[in-house]
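Enquirer: Right, I'll just put the structure down here and ask away after.
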Amino acid sequence: KNIVVLISGQGRNLQALIEAQEAGRLHGRIAAVASNKADAGGLARAREAGILTEVVPHIDYAERSVFDAALAATIERHHPDIVVMAGFMRVVGDEFTRQFRGRMLNIHPSLLPKYPGLKTHQRALEAGDAEHGATVHFVTEELDGGAPVIQGRLSVEAQDTAQTLGERVMRDIELKIYPQAVAWMARGELKLENEQVWFRGQR
Ligand code: GRF
Numbered sequence: 002k003n004i005v006v007l008i009s010g011q012g013r014n015l016q017a018l019i020e021a022q023e024a025g026r027l028h029g030r031i032a033a034v035a036s037n038k039a040d041a042g043g044l045a046r047a048r049e050a051g052i053l054t055e056v057v058p059h060i061d062y063a064e065r066s067v068f069d070a071a072l073a074a075t076i077e078r079h080h081p082d083i084v085v086m087a088g089f090m091r092v093v094g095d096e097f098t099r100q101f102r103g104r105m106l107n108i109h110p111s112l113l114p115k116y117p118g119l120k121t122h123q124r125a126l127e128a129g130d131a132e133h134g135a136t137v138h139f140v141t142e143e144l145d146g147g148a149p150v151i152q153g154r155l156s157v158e159a160q161d162t163a164q165t166l167g168e169r170v171m172r173d174i175e176l177k178i179y180p181q182a183v184a185w186m187a188r189g190e191l192k193l194e195n196e197q198v199w200f201r202g203q204r
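Here the UniProt record's numbering = 1-based position in the sequence shown + 1.
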């Protein structure tokens with residue numbers, strides 16, 4: 002299965018996917034990595050792994066919808082079965098999400114439906130939550146609202162700051178659940194049917 006990964010930053014999630022692919026655990030091939038930021042650190046990780054990179058700078062487009070169309074066309078050129086948003090920090094429009102419906106996953110650093118949007122670790126701490134984590138979900142028109150596929154959770158420690166909590170969610174949860182979710186997709190064990198997740202034969 003062909004995979005295209007979308008990034009905007011360091012690409013730690015991308016790195017976990019690359020390592021899973023190299024270990025034969027991804028059951029798919031990352032055909033390209035695309036970013037809206039020419040200076041995204043993850044682009045260097047892709048190049049080091051011999052993966053094609055594409056940059057579609059959102060600053061070059063006056064209209065969000067025109068950027069979305071340019072990015073969609075760039076992605077489709079790689080004929081993806083699966084599109085993975087891995088630290089992709091742009092809100093995309095309905096036309097874009099419809100085009101990739103059922104093929105596109107995102108990872109969000111909270112136990113959705115808690116804390117959609119930004120500053121999730123800060124908000125979990127302020128709420129005094131005992132647990133926190135991350136969620137991989139299908140991308141739909143609702144921001145961070147698509148059907149969840151897999152979640153990982155951990156205990157919040159008394160001395161945690163947004164920084165220490167975020168780092169632990171990344172290291173102990175995100176980098177583990179994303180390769181698992183993508184492998185399920187690549188093996189055809191996971192589908193989005195209407196609004197619901199179909200997993201290994203069951204609804
Ligand atoms: C991750 O925490 C991801 O959940 C959030 O942004 C961060 C991206 O990190 N959307 P990286 O680019 O994968 O290192």
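Ideal placement from N, C-alpha and C gives every residue a C-beta, glycine not left out.
Please tell me whether residue 82 and residue 104 are closer than 8 Å, where the distance is taken between their beta carbons.
Expert: Going by C-beta atoms, residue 82 is nearer than 8 Å to residue 104.
Enquirer: Identify, in the order they occur along the chain, each residue of the same chain with its Cβ nearer than 7 Å to the Cβ of residue 100, setting aside the five sequence neighbours on each side.
Expert: Result list for residue 100: 73, in chain order.
Enquirer: Quick check on DSSP: helix, strand or coil for residue 181?
Expert: DSSP places residue 181 in helix when its eight states are reduced to three.
Enquirer: I need the boundaries of the alpha helix (DSSP H) containing residue 83, first residue and last residue.
Expert: That residue, residue 83, is in no alpha helix (DSSP H); its beta strand (DSSP E) goes 83-86.
Enquirer: Pull up the distance between the alpha-carbon of residue 168 and that of residue 18, whole angstroms please.
Expert: Near 18 Å, if we compare the C-alpha coordinates of residue 18 and residue 168.
Enquirer: Is residue 171 near the ligand GRF, with its Cβ less than 7 Å from a heavy atom?
Expert: Residue 171 Cβ: within cutoff of the ligand GRF.
Enquirer: Specify, as a first and last residue, the run of the alpha helix (DSSP H) that residue 170 falls within.
Expert: First-last of the alpha helix (DSSP H) with residue 170: 163-170.
Enquirer: What residue range does the beta strand (DSSP E) around residue 152 cover?
Expert: Run containing residue 152: 149-156, per the beta strand (DSSP E) assignment.
Enquirer: With distances taken Cα to Cα, identify the nearest neighbour of residue 96 among 117, 70, 119.
Expert: The residue with the shortest Cα to Cα distance from residue 96 is 70.
Enquirer: Any chance the CB of residue 46 is under 7 Å from a heavy atom of the ligand GRF?
Expert: Residue 46 Cβ: outside cutoff for every heavy atom of the ligand GRF.
Enquirer: Report yes or no: do the stretch 170-177 and the stretch 3-10 share at least 3 C-beta pairs separated by less than 8 Å?
Expert: Touching, no.
Enquirer: Return yes when the C-beta of residue 13 is under 7 Å from any heavy atom of the ligand GRF, and no when it is not.
Expert: Yes.
Enquirer: Does residue 8 come out as helix, strand or coil in the three-state DSSP assignment?
Expert: Reduced to three states, the DSSP call for residue 8 is strand.
Enquirer: Below 8 Å on the Cβ atoms is my contact criterion, and I expect residue 144 with residue 117 to pass it. Report the Cβ-Cβ distance as a whole number of Å.
Expert: Indeed, because the Cβ distance is near 6 Å, the residues count as touching under 8 Å.
Enquirer: Nearest to residue 161 by alpha carbon, out of 126, 27, 22?
Expert: Minimum Cα distance to residue 161 is reached at 126.
Enquirer: What ranges does the alpha helix (DSSP H) occupy inside the stretch 97-150, keeping only unbroken runs of at least 4 residues that lie completely in it?
Expert: Entirely contained in the stretch 97-150, the alpha helix (DSSP H) runs reaching 4 residues are, in chain order, 121-127.
Enquirer: Is it the case that the Cβ atoms of residue 13 and residue 155 are separated by a distance below 8 Å?
Expert: Going by C-beta atoms, residue 13 is not nearer than 8 Å to residue 155.
Enquirer: Which of the three DSSP states, helix, strand or coil, is assigned to residue 76?
Expert: In the structure shown, residue 76 sits in a helix (DSSP, three-state: H, G or I).
Enquirer: What are the partner residues of residue 197, as DSSP defines its beta bridges?
Expert: Partner(s): 194.
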